[in-house]
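Each residue of the sequence shown is one higher than the last, beginning at 1 in UniProt numbering.
Think of the CB as a built atom: it goes at the ideal place given N, C-alpha and C, for glycine as much as any other residue.
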Amino acid sequence: MDRNGDKGIQTNIQSSENCEISLLIGSDFYWSLTHRIKRLDSSLVAVETSLGWSLQGKCDEQSDCTSVHLIHSEEESISAELRRFWEIESLGIRDNDSVSLGNGDEEILSEFDKSVCFVDGRYRVSLPWKPGMREVLQNNKTVARKRFEGLVRRFKCDHELFCEYKDVIDNYVREGIVERTSCDSLSDSQGFYLPHHAVIRSDKTTSRLRIVFDGSAHEDGHSSLNQSLYTGPNLHPNMLELLLRFRKNPVAFTADVKSAFLQIELDLRDREFTRFFWTDNLNNNPYVLNFTRVLFGLRPSPYLLAATLKHHFKKYKEQYPHTFDLLNSSIYVDDFICGRNDVPDALRTTLECLQIFSDASMLLRKWRTNSKQLDLLWQQEGVETEFSKTSATDLKPPIKVLGLAWDSEKDLIYFDPKDLLKFMSRKTESKRFILSVVGRICDPIGILGPFVIKLKCLLQDLWTLGVDWDSELPPKLRHKWQQWSSEAEGLTEIKIPRFYLGDVDQELSSVDIHCFSDASKSAYGTILYLRFVTCNNKIETSFICSKSRVAPLKSLTLPRLELTAALLSARLAKQVSSCLKFNANIYYWTDSLISYYWICGDSSAFKPYIKNSVQEIQLLSDPSQWGHCPGKDNPADLISRGTSAVKLAQNELWWHGPPWLKLAPDHWPNRQRDILDSELCSEELEYRSSVHVAVTQQRESLVDINRFSSLKKLLKVTAWVFRFVNNARIVNKSMNFYITADEIQNAEYFWLKYVQYEFYSAEILTLKRNEQLRCSSEIKSLVPYLGEDNLLRITGRLLEADLCFGEKHPVILPRHCKFTELLVIREHERIGHCGVSATLTQLRKNYWIPKGRQLVKTIIRICLICKKYNAKPADQLSGQLPRDRITQSPPFQIVGIDFTGAILVKDNQETHKSYVSLFTCAVTRAVHLELVSDMSTKCFLLALRRFLARRGNCKVIYSDNARTFKAAEKELAYFANILKDSEFQNFVADKGIHWKFIVERAPWWGGFYERLVKTIKDPLRKILGKALLMFEELSTILSEVEVIVNHRPLTYVENDPGEPEPFTPAHFLELGYGDSKYPIYFIELIDATTARESYKKRKTYRTLLLKQLWRRWKEQYLLQLKTVNHFKTPSVHKNLKLNDIVLVEGNVKSKLLWELGIIKEIFIGRDNNVRSCLVKTSKGLFKKPIQLLYPLELE
1 MDRNGDKGIQ TNIQSSENCE ISLLIGSDFY WSLTHRIKRL DSSLVAVETS
51 LGWSLQGKCD EQSDCTSVHL IHSEEESISA ELRRFWEIES LGIRDNDSVS
101 LGNGDEEILS EFDKSVCFVD GRYRVSLPWK PGMREVLQNN KTVARKRFEG
151 LVRRFKCDHE LFCEYKDVID NYVREGIVER TSCDSLSDSQ GFYLPHHAVI
201 RSDKTTSRLR IVFDGSAHED GHSSLNQSLY TGPNLHPNML ELLLRFRKNP
251 VAFTADVKSA FLQIELDLRD REFTRFFWTD NLNNNPYVLN FTRVLFGLRP
301 SPYLLAATLK HHFKKYKEQY PHTFDLLNSS IYVDDFICGR NDVPDALRTT
351 LECLQIFSDA SMLLRKWRTN SKQLDLLWQQ EGVETEFSKT SATDLKPPIK
401 VLGLAWDSEK DLIYFDPKDL LKFMSRKTES KRFILSVVGR ICDPIGILGP
451 FVIKLKCLLQ DLWTLGVDWD SELPPKLRHK WQQWSSEAEG LTEIKIPRFY
501 LGDVDQELSS VDIHCFSDAS KSAYGTILYL RFVTCNNKIE TSFICSKSRV
551 APLKSLTLPR LELTAALLSA RLAKQVSSCL KFNANIYYWT DSLISYYWIC
601 GDSSAFKPYI KNSVQEIQLL SDPSQWGHCP GKDNPADLIS RGTSAVKLAQ
651 NELWWHGPPW LKLAPDHWPN RQRDILDSEL CSEELEYRSS VHVAVTQQRE
701 SLVDINRFSS LKKLLKVTAW VFRFVNNARI VNKSMNFYIT ADEIQNAEYF
751 WLKYVQYEFY SAEILTLKRN EQLRCSSEIK SLVPYLGEDN LLRITGRLLE
801 ADLCFGEKHP VILPRHCKFT ELLVIREHER IGHCGVSATL TQLRKNYWIP
851 KGRQLVKTII RICLICKKYN AKPADQLSGQ LPRDRITQSP PFQIVGIDFT
901 GAILVKDNQE THKSYVSLFT CAVTRAVHLE LVSDMSTKCF LLALRRFLAR
951 RGNCKVIYSD NARTFKAAEK ELAYFANILK DSEFQNFVAD KGIHWKFIVE
1001 RAPWWGGFYE RLVKTIKDPL RKILGKALLM FEELSTILSE VEVIVNHRPL
1051 TYVENDPGEP EPFTPAHFLE LGYGDSKYPI YFIELIDATT ARESYKKRKT
1101 YRTLLLKQLW RRWKEQYLLQ LKTVNHFKTP SVHKNLKLND IVLVEGNVKS
1151 KLLWELGIIK EIFIGRDNNV RSCLVKTSKG LFKKPIQLLY PLELE
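Written out as structure tokens, the structure is:
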């Protein structure tokens, strides 16, 4: 206060730490009270107001108080939907109880009325296209063809399914539902194809197999047929109202329309958009069919069916007025659900409905009733009942009526838990599973309300605790779930009469509807009963329906929840009374005195929440209809606290209401108010104390920068935040929908200031005071200054240079900062991922980063695109030679097989392809060549048999992987099919040959035979030249080439003529090759007289000669291999391991187009080094050699 006095400002502010705020002045009035403004120093400003002087600004004193805030946000697609489900605001805001037309629905109905026509006994309708979508809808033939090929593969594995499927399609063709598309139409690029699949419905007595067509299939980047069509308005009656009316009459009956959708023709112009592939023979190519009728699977199909039926019913408004009203309110999709007061009326209604539907070429079938008399009359009239072919004494199983089971024999309705219990038998315990269980409980009239509410409350607890969808349940909630699951079997005991009056067959003197509501901290709900009095004063009650809701996430007081339950009761009662059309009195009961007196009071005297609720209740009902009942007599109490299924089934209070309902009104609870309203209404007032502490703390950003990996996105989000703030300040300001360049620039300016303030606040404060920076400052050497935009910039020495301002005085940014990293990434991407120098040059046009080169190197090192482009293949030490190649064995016992490309041969005046099969001995390096006329299994087996006959049985054969042949040229791909042929596999097995495959796309693994392909081609090209030979001629040439190749030297050719001749494969194939190797006496031995002793000497000599050959093979050939292609230092110093991210070399040159993969399995060689890996990519699992894998060093 002293320095204020020095400025001539008189203040009367009393220093007190416990001063009480007397008045809060809004910012819209504050400036009308202000006068003079004086600056005291750089941080404080004094403002004179009508109430005295006020001080504003920053204090130098720092608070020792530290506050810590943690904000966690998690985005899940289902979160918003569940939140709306639990929030109380979702109750009753939208009037879903009546069919109302939305925006554009009237226009859709108008177009339908214009286009619908009656042709040859059927209705013909057009699809409701969105404007312009018919013309731009892209053909999806490729997608549909692939889906059909998958279906054909399934048919080949399940022939019975194919037969059933074919029967349905054949029936479609016979009935004209589908037709074969003409060849002229197939050329139309606008046609659309519908993939299809089978759905087996074991619960159906007819139509066990249903074919489902997918109208949502589309090519990538294009719209589907469903996306191009309007859904159309919902013209179906309310499900709850339909069930309530179904229980009203003593005689009930149901039926359904046979193939309802398929009885309505499609406009000729729309049929080309309903094509699909089909084939009568799985070995033939498919052909194209298209629908002539409306099919199930298109988005507007339910609307088209409902609109067509309503259009058809209008014709009979005068002829059958009662049936006309009944049909409009009793058809739900293709189900007819109805009731009548007596059998003659029900029979008349049945026959009239049959006639009406028959006029539209539709059949009402599968009739079911609770009346045996009506069932007998139906049989006499030829009505097709659901069990027309069964005996009258056979038991009729229950049927489903809008989700509930109806036992027509006993006339009971109930929820059938069979499917639910089967689903719950999985014993899964997660939030996702519990939500799925809730969704499988179909209880439109709330029979199971007190039992189901326990599950809803459990799900809300899971939501409140933030349990993940698939995480394990907390122990307490797991116990609740297990208890509920064990109680679910008791649902089989819960059944109620369909008919409200039950066995009562007397005239009624009066009918009442009694509505009970109740609430607790966890749930609230309402239940309605029908109370009727017969002419002989017999009083009965019947359960109508109930509704339950969990308490909202937003905490409400118990009286408010009771009021909310009362509002729910009033809404439900209005719907029930308008639906049943009883001349009934309605009574409302609550056990909450506070909510009761709110309802009976003046709504304008209450707070907004209570006021709005009371106003709506008083609009829907009269306060005189409300009464207060004891809590023990309130059946809605069961909803608010829940109960088990077994106890619910035995609870008379729930099924029939309190006992006094069956008594005269004189015995009902007192309905008069006997205490003052103010005494109860005052309970709504709640006194709360709150404490607010204002402290000086470090400035925090509005946006968490650590959540962003792109500067562009960060700046856009920041711009949107600023726009929101500005819109909140300025009312009715017109703003452009898109973010502008100025807003992006302002966002970047904000982050530059924010980052500099966070890292260089001391330097900024020092420069503002015109003081020198400390020697410890890392930017002192840059001679920084504060520019006009209050940003730290470099002074520099280029003032006279012809450069822009940003290049002369770049903005200083810290190196260890997320914003700076994002900035470097942006500039690196802008210049096309160039190197360090180029990126740093681009940065320094506007920014200066201390030790920026190190930061740029770090960023480029972790750039994924650069890492992919610069990746090096994995490498490994040269592997040990296989044992098969370095162990002596007879020639051609270990063999490698390969094929050359096609060679043309002539046959008379025609030419055709032939192929050379190359058999290479892994030990002696000898070759055997066979010419085959084609790549069939038969020809290859004959070549293999010739080889085995001349060279002896081999034990092991090496060849390329089948996938290698698939990736190679077309001729080699044939070999892959040969290897799979059963005849070939049986032959190999019989000969005891072990066939080994090398890793796909790793030809160097089979180098010992791959190399000899070139060795053969060179002399073959030179001998043949441009000549075109016959098959026998070429076979002869190959035999000569084989001899040439087998006489090639395997060892070094010495210059000294005294040295032994080089070692060749022919030495093993032609034992005794080269006359110089035979001793003189051996030649004489050949000419000598044959004797036992001469044969023994010859055998001994050949054995010694063979040993001599193998000794030379070891000394001159085998030992030479250890120096050829010697071990090299690998470029990768560590083995690949599981879950490593790698780039998989593809067929294209650009690395940016190669697939990313993750290593799922490694294969280790005899030297414990990784040689190949099983890699998972987006296309599947592949075994690859490590030389085709480029490790990216990503986690």
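Please classify A902: does DSSP put it in a helix, a strand, or coil?
A902 falls in the coil class under three-state DSSP.
Which value, in whole angstroms, describes the spacing of the CA atoms of W484 and C457?
Near 11 Å, if we compare the C-alpha coordinates of C457 and W484.
CB G297 to CB V199, shorter than 8 Å?
The answer is no: Cβ separation not under 8 Å.
Between the alpha carbons of H912 and R946, how many angstroms are there, rounded?
Rounded to whole angstroms, H912 to R946 spans 22 Å at the Cα level.
For Y1078, which of helix, strand or coil comes out of DSSP?
With a pLDDT of 43 at Y1078, under the threshold of 50, the modelled position of this residue cannot be trusted; read the value that follows with caution. In the structure shown, Y1078 sits in coil (DSSP, three-state: anything other than H, G, I, E or B).
Mind checking which residues open and close the alpha helix (DSSP H) that includes N328?
Element bounds for N328: P321 to S330.
Under 8 Å Cβ to Cβ from K808, same chain only, skipping five residues before and after it: list those, please.
Same-chain partners within the cutoff: G796, L798, L799 and A801.
Let me make sure I understand the geometry here. Which of L791, E743, K554 and S776 has the alpha-carbon closest to that of E758?
The residue with the shortest Cα to Cα distance from E758 is L791.
Helix, strand or coil for residue 1196, going by three-state DSSP, please let me know.
The structure shown has nothing for residue 1196, since the chain only spans 1 to 1195.
Comparing alpha-carbon positions, which option in C954, V533, N1169 and L528 lies nearest L580?
L580 has its Cα closest to that of L528, out of C954, V533, N1169 and L528.
Using only alpha-carbon positions, find the residue among D470, L354 and L243 that is nearest to L404.
Among D470, L354 and L243, the Cα nearest to that of L404 is on L243.
Just to confirm the assignment, what range does the beta strand (DSSP E) spanning C921 have?
E910 to C921 is the extent of the beta strand (DSSP E) around C921.
When the Cα atoms are used, what is the spatial distance from G150 to H196?
About 11 Å.
Taking C-beta to C-beta, are W367 and T349 nearer than 8 Å?
No; because the gap between Cβ atoms is not below 8 Å, this pair is not in contact.
Are the CB atoms of K454 and L282 within a distance shorter than 8 Å?
Result no, Cβ atoms of L282 and K454 do not sit closer than 8 Å.
Determine which residues share a DSSP beta bridge with K38 and list them.
According to DSSP, K38 bridges with A46.
Span of the alpha helix (DSSP H) holding C163?
Here the alpha helix (DSSP H) through C163 covers H159 to R174.
Can you name the residues that DSSP bridges to F291?
BP columns for F291 point to V178.
For F1008, name the three-state secondary structure that DSSP assigns.
Looking at F1008 - three-state DSSP - the assignment turns out to be helix.
Rounded to the nearest angstrom, what separates Q56 and I37 at their Cα positions?
One C-alpha to the other measures close to 10 Å.
Looking only at C-alpha atoms, which of S781, K400 and A874 sits nearest to K851?
K851 has its Cα closest to that of S781, out of S781, K400 and A874.
State the DSSP-derived secondary structure class of D518, mapped to helix, strand or coil.
Strand at D518.
Between which two residues does the alpha helix (DSSP H) containing E106 stretch?
Per DSSP, E106 belongs to the alpha helix (DSSP H) from D105 to S115.
Just to confirm the assignment, what range does the alpha helix (DSSP H) spanning Y754 have?
Looking at the DSSP string, the run of the alpha helix (DSSP H) that includes Y754 is A741 to F759.
I need the DSSP call for E487, collapsed to helix, strand or coil.
E487 falls in the helix class under three-state DSSP.
Taking all protein chains shown into account, do 16 or more other C-beta atoms lie within 10 angstroms of the C-beta of H72, making it buried, or fewer, making it exposed?
A caution first: H72 carries a pLDDT of 39, below 50, which makes its placement in the model too unreliable to give a value.
Look up G601 in the DSSP assignment and say whether it is helix, strand or coil.
Three-state result, G601: coil.
With a threshold of 16 other CB atoms inside 10 Å of the CB of N249, please say whether the residue is buried or exposed.
Burial call: buried.
What are the start and end residues of each continuous beta strand (DSSP E) run of 3 or more residues lying completely inside the region 532-568, in chain order?
DSSP runs (the beta strand (DSSP E)) wholly in the region 532-568: 539-550.
Once the 5 residues before and after Y1081 are set aside, which same chain residues still bring their CB inside 7 Å of it?
For Y1081, the predicted model reports a pLDDT of 44, less than 50, meaning its position is unreliable and no value from the coordinates is stated.
Give the straight-line distance between the Cα atoms of W1113 and E1193, rounded to the nearest whole angstrom.
Roughly 46 Å between the two C-alpha positions.
Do you know offhand how far L663's Cα is from S603's?
Computed Cα separation, rounded: 33 Å.
Once the 5 residues before and after P286 are set aside, which same chain residues still bring their CB inside 7 Å of it?
Closer than 7 Å at the Cβ level, and outside the excluded window around P286, lie F148, F277, W278 and T279.
N238 to I434, Cα distance in whole Å?
Rounded to the nearest angstrom, the two C-alpha atoms are 27 Å apart.
Between the region 614-632 and the region 462-471, can you find at least three pairs of beta-carbon atoms closer than 8 Å?
Touching, no.
In whole angstroms, what separates the C-alpha of D1140 from that of I1158?
In a straight line, the C-alpha of D1140 is about 6 Å away from that of I1158.
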